Amino acid sequence: MNRETLFNYAKKHFHSEPNYLWENLPNYAVLRHHQDGDKWYAIVMNVSGSKLGLKDDKEIDVLDIKARPEHIGSLRKKEGILPAYHMNKEHWISIILSGHLSDKEIFDLLNESYHLTSK
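Spelled out as structure tokens, the structure:
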């Protein structure tokens, strides 16, 4: 999956556009709830693989989303899902966008994050 596909899905299903909040991190995009502009449900970042615990230092796009704590352990066993980068690792995961998950799997996890953060 690429960013454009993800952002189009978020716009269509959640009426949210990516917000670029940091001048020093121009490719970090936050997705927020439409009705509550402060609450994030996802963030897309380009991160060096070594910062994620990978052997390659190449920058990759990751999607951080919230997941149910009881599902975190089993989700992280899937290839392409890692402990959350710069988020609470008990509640958030990082998904490698160019990884092994299908678009449907990523969209399902994004939907769950949206609903978990809407409370």
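Each residue of the sequence shown is one higher than the one before, starting from 1 at the first, in full-length UniProt numbering.
Where is the CB? At the ideal position from N, CA and C, for every residue including glycine.
Bear in mind that the values here come from a model prediction, so they are computed numbers and not experimental data.
Review point. To which residues of the same chain is Ile106 closer than 8 Å at the C-beta, ignoring the five residues directly before and after it?
Key: To locate residue 106, count along the sequence shown from 1; it is residue 106. Excluding residues within five positions, the ones whose Cβ falls inside 8 Å are Met1, Leu6, Leu63, Ile95, Leu97.
Point to revise | Neighbourhood of Lys66 by C-beta, 6 Å cutoff - its chain only, sequence neighbours within 5 removed | key: If you number the sequence shown from 1, residue 66 lands on position 66. So the qualifying residues of the chain are His91, Trp92, Ser113, Leu116, Thr117.
Review point. From the beta carbon of His86, is the nearest beta carbon of chain C less than 8 Å away?
Key: Of the protein chains in this structure there is only one, and it is not chain C.
Check your understanding: Is Ala84 helix, strand or coil by DSSP?
Key -> Here the question's residue 84 lines up with position 84 in the sequence shown. Secondary structure at Ala84: coil, using DSSP grouped into helix, strand and coil.
Exercise for review: Please say whether Tyr85 and Lys55 have beta carbons closer to each other than 8 Å?
Suggested key: Within the sequence shown, numbered from 1, the residue matching residue 55 stands at position 55. Within the sequence shown, numbered from 1, the residue matching residue 85 stands at position 85. No; because the gap between Cβ atoms is not below 8 Å, this pair is not in contact.
**Study point:** Per DSSP, cross-strand counterpart(s) of Trp92
**Key:** As a first step, residue 92 must be located in the sequence shown, where it is residue number 92. Its beta-bridge partners are Lys66.
Check your understanding: How would you label Gly53, buried or exposed, when you count the other beta carbons within 10 angstroms and need 16 or more for buried?
Key -> Mapped onto the sequence shown, residue 53 falls at position 53. Counting Cβ neighbours within 10 Å, Gly53 comes out exposed, since fewer than 16 surround it.
Exercise for review: Tell me whether Ser50 sits in a helix, a strand or coil according to DSSP, three-state version.
Suggested key: Taking the sequence shown and counting its residues from 1, the one referred to as residue 50 is at position 50. The three-state secondary structure of Ser50, taken from DSSP, is helix.
Check your understanding: Ordered along the chain, which non-local residues of its own chain (more than five positions away) have a Cβ less than 6 Å from that of Pro83?
Key -> By one-based count along the sequence shown, residue 83 stands at place 83. The answer, listed in chain order, is Lys89.
Check your understanding: Do Tyr28 and Tyr41 have their C-beta atoms within less than 8 Å of each other?
Key -> For the purposes of this step, residue 28 is taken as the residue at position 28 of the sequence shown. For the purposes of this step, residue 41 is taken as the residue at position 41 of the sequence shown. Contact: no.
Exercise for review: With DSSP as the reference, label Glu23 as helix, strand or coil.
Suggested key: Taking the first residue of the sequence shown as position 1, residue 23 is located at position 23. Three-state DSSP puts Glu23 in coil, outside helix and strand.
Practice item. Let me know if Leu25 comes out buried or exposed under the rule of 16 or more other beta-carbons within 10 Å of its beta-carbon. Key: The residue you call residue 25 lines up with position 25 of the sequence shown. Classification of Leu25: exposed, given that the 10 Å Cβ count is below 16.
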